[in-house]
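In the working numbering, the protein residues as written are 10 to 373. A virtual CB, placed ideally from N, CA and C, is assigned to each residue, including glycine.
Here you go:
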């Protein structure tokens with residue numbers, strides 16, 4: 010029996026003697042392979058993460074710009090809607106230039122006011138790292154489609170905006186007064202901008218009061234300084250039959266610190282001389298904002314009214330060219346404050362073109 014146990018132990022020892030583990034070299038090779046594979050996977054994940062961050066940042070920038078351009082496009086489409094295109098709409102000399110910061114004209118007569126007013130390279134942009142960059146601005150005028158709604162209330166809402174037919178303007182104690190033929194001034198508000206049109210032309214004016222006998226009053230202390238009252242003023246020169254309609258005056262521009270802004274003038278009951286407009290910031294981090302105009306002859310211009318020499322404010326200006334605008338092209342360049350992996354800020358540039366669908370005909 011003892012001999013059998015000894016023989017079994019010898020066999021087990023022989024089997025164990027043949028078993029081998031990993032050598033040190035094999036372990037080192039396995040670890041190196043593991044590190045290489047793990048490093049490759051990490052680098053792939055890191056590249057994917059950087060790509061995702063880049064895409065997310067640019068998507069957010071692009072989204073902000075697209076939302077802003079949607080607003081710009083809406084007002085571009087509306088430009089000239091219900092606005093007298095073939096009648097001369099007048100304002101005191103250089104009032105618009107002073108209000109929006111464009112060069113004065115060369116004469117001292119009353120200015121005509123087209124439905125699109127161009128400001129080419131008028132605002133310095135200190136947010137742009139390139140010195141001397143100047144951004145554009147534009148102003149649109151169009152009928153306020155919420156004014157004096159007439160018709161049945163929905164659903165659907167079949168009401169449409171109608172002008173007020175008016176009597177000729179009179180002047181009392183230095184204040185021009187207009188009384189609607191309907192006998193009611195209830196749809197008018199103080200600080201509203203109106204275009205008053207008749208047989209002898211049109212004028213823009215801002216309501217300063219609602220007087221007795223339903224008179225709509227226009228005095229010289231309005232928030233935009235549009236009004237010129239008295240016998241020699243534009244309102245007294247408009248003969249009947251005549252009408253008045255509230256208009257909206259909207260501008261787009263970039264502040265010097267890089268904020269694309271939509272500004273609407275007056276038309277706010279709380280507006281004062283110190284606050285004659287309401288501004289709405291749309292996009293931050295704007296490095297450049299350029300506007301070009303496609304005319305009805307297909308020409309592309311930075312400023313159609315500037316004349317042959319391209320310099321606004323001199324004797325060769327052709328203001329009538331602004332009525333020939335058929336499309337407006339906007340280019341917005343935006344820079345993020347965040348940096349990409351290379352240490353550079355994220356940037357997005359977008360260009361959109363919109364039709365001025367109301368300028369080809371007189372919508373009145």
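Judged by pairs of C-beta atoms under 8 angstroms, the segment 243 to 254 touches the segment 207 to 223, as three or more such pairs exist. In the pairwise beta carbon analysis, the segment 74 to 82 is classified as touching the segment 330 to 345: at least three pairs are separated by under 8 angstroms. Taking all protein chains in view, the Cβ of residue 244 is crowded by 16 or more other Cβ atoms within 10 Å, so the residue is classified as buried.
Within its own chain, the residues whose Cβ lies closer than 8 angstroms to the Cβ of residue 369, once the five positions on either side in sequence are excluded, are 305, 335, listed in chain order. In this structure, residue 262 lies away from residue 100, with their beta-carbon atoms at least 7 angstroms apart.
Residue 43 is classed as exposed because its beta carbon has fewer than 16 other beta carbons within 10 Å across all chains shown. A Cβ-Cβ separation of about 19 angstroms leaves residue 225 out of contact with residue 285 under the 8 angstroms criterion. Runs of the beta strand (DSSP E) spanning 3 or more residues and lying entirely within the segment 264 to 331 occur at 268 to 274, 286 to 293, 295 to 304, in chain order.
Secondary structure at residue 92: coil, using DSSP grouped into helix, strand and coil. If you check the CB distance, residue 267 and residue 294 come in under 7 angstroms.
Only residues of its own chain outside the window of five on either side were considered, and among them 156, 157, 173 have a CB closer than 8 angstroms to the CB of residue 196, listed in chain order. Burial check for residue 152: the Cβ neighbour count within 10 Å reaches 16 or more, so the residue is buried. The continuous stretches of beta strand (DSSP E) do not include residue 107, which lies in the alpha helix (DSSP H) extending over residues 104 to 109. For the options 230, 347, 300, 296, the alpha carbon positioned closest to that of residue 139 is the one of 296. For residue 127, the uninterrupted beta strand (DSSP E) run begins and ends at 125 to 133, by DSSP. Minimum Cα-Cα distance from residue 277 among the listed residues 114, 215, 187, 229 corresponds to 215. Counting other Cβ atoms within 10 Å of its Cβ, residue 222 stays below 16 and is therefore classed as exposed. Put simply, the segment 109 to 124 touches the segment 318 to 332. At least three CB pairs are less than 8 angstroms apart.
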